[in-house]
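Under the working numbering, residue 232 is the last one in the sequence shown; the count climbs by one each step, no gaps. Backbone N, C-alpha and C define an ideal beta-carbon position, used for all residues, glycine too. The structure displayed is predicted, hence computed values, not measured ones. Okay, structure first, notes after.
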Amino acid sequence: EKCKNYTRTSIERMYSVYKSVEYVVKNNLEGDMVECGTWRGGSAMMMAYSLMEFNDLNRNIILYDTYEGMSEPGNNDKTSSNEEAAALLKAGEHEKENSVWCLASMEDVKENLINTGYPEKNIYFIKGKVEDTIPEQSPKNISLLRLDTDWYESTYHELIHLYPLLIPKGVLIIDDYGHWLGARKATDEYFEESKTAVLLNRIDYTGRLCIKP
20 EKCKNYTRTS IERMYSVYKS VEYVVKNNLE GDMVECGTWR GGSAMMMAYS LMEFNDLNRN
80 IILYDTYEGM SEPGNNDKTS SNEEAAALLK AGEHEKENSV WCLASMEDVK ENLINTGYPE
140 KNIYFIKGKV EDTIPEQSPK NISLLRLDTD WYESTYHELI HLYPLLIPKG VLIIDDYGHW
200 LGARKATDEY FEESKTAVLL NRIDYTGRLC IKP
């Protein structure tokens with residue numbers, strides 16, 4: 020309820036974040052919680068509220084985003100109904116805060132996260148395209164990795180550099196596997212090329228979750 024105005028994801032996907040945090044804390048898994056693509060911070064707020072509920076206030080939450088809206092899509096970036104991402108961005112350019120642009124300023128996201136009451140010193144905001152900020156600004160290890168940048172190039176880049184940092188038994192969430200063909204292609208290609216066997220569990224029509232072997 021506290022997060023619903025700050026996210027575009029479903030109740031099912033928000034609940035999956037809550038249960039993932041619970042799983043990480045109860046199993047004493049080390050590592051930071053990382054989100055790529057945060058919009059107004061709703062899912063990260065759920066991480067923060069959940070960590071407080073389970074009395075884990077020392078874990079870092081690291082949020083990668085342009086904080087200027089979506090980056091430019093490529094040819095692979097279409098919806099599951101074959102709508103071009105570039106065309107959708109063009110159609111929504113006059114209402115960037117409430118369209119596929121997902122525009123939210125860093126100041127807005129910071130305020131929302133700080134208002135949760137989670138220790139501000141443990142929340143990091145990494146501004147820029149992930150292709151420019153990762154791996155230069157990456158954590159040592161990750162317990163929960165949530166990817167929500169939609170496009171093929173960014174998702175593939177995140178998986179190449181961040182999935183190896185996800186600890187064994189850590190949680191990976193791909194928010195838009197079902198909706199954006201680019202995110203799906205990047206995920207499938209990465210695991211096929213790395214010869215990594217994972218079972219992607221369905222959260223809802225688009226969200227997928229797996230436990231790293």
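- Relative to I145, the option among P158, W199, T135 whose CA is nearest is P158.
- Each of N77, M65, N94, R27 was checked against the Cα of Y171, and the nearest Cα belongs to N94.
- Proximity to T57 across T215, V190, K148, A216 peaks at K148, based on C-alpha coordinates.
- Close CB contacts of G201 within its chain, under the 6 Å cut and outside five residues either way in sequence, are with N95, D96, W170, Y171 (chain order).
- Boundaries of the beta strand (DSSP E) harbouring L191: 185–193, taken from the DSSP string.
- Across the structure, L166 and E139 are spaced so that their CA atoms are roughly 22 Å apart.
- In this structure I153 is in contact with H180, their Cβ atoms being roughly 5 Å apart against a cut-off of 8 Å.
- In the structure shown, V53 adopts extended strand secondary structure according to DSSP, grouped into three states.
- L181 sits in a helix when the DSSP states are folded into three classes.
- A Cβ-Cβ contact shorter than 7 Å links S99 with H198.
- With contacts defined by Cβ atoms closer than 7 Å, L178 and S39 do not form a contacting pair.
- Bridge pairing for K129: absent [DSSP].
- Taking D51 as the centre and dropping the five residues before and after it, the same chain places the C-beta of N79, I81, P158, I161 closer than 6 Å to its C-beta, in chain order.
- For I186 against L48, the beta-carbon gap comes to about 6 Å, under 8 Å, which counts as contact.
- Distances from the CA of L228 to each of K204, Y196, Y209 were compared; the closest alpha carbon is that of Y196.
- In this model, T206 and I222 are separated by some 16 Å (Cα to Cα).
- At the C-beta level, Y137 and A63 stay beyond 7 Å of one another.
- Y37 and T215 have their C-alpha atoms roughly 26 Å apart.
- The three-state reading of DSSP puts F210 in helix, counting H, G and I together.
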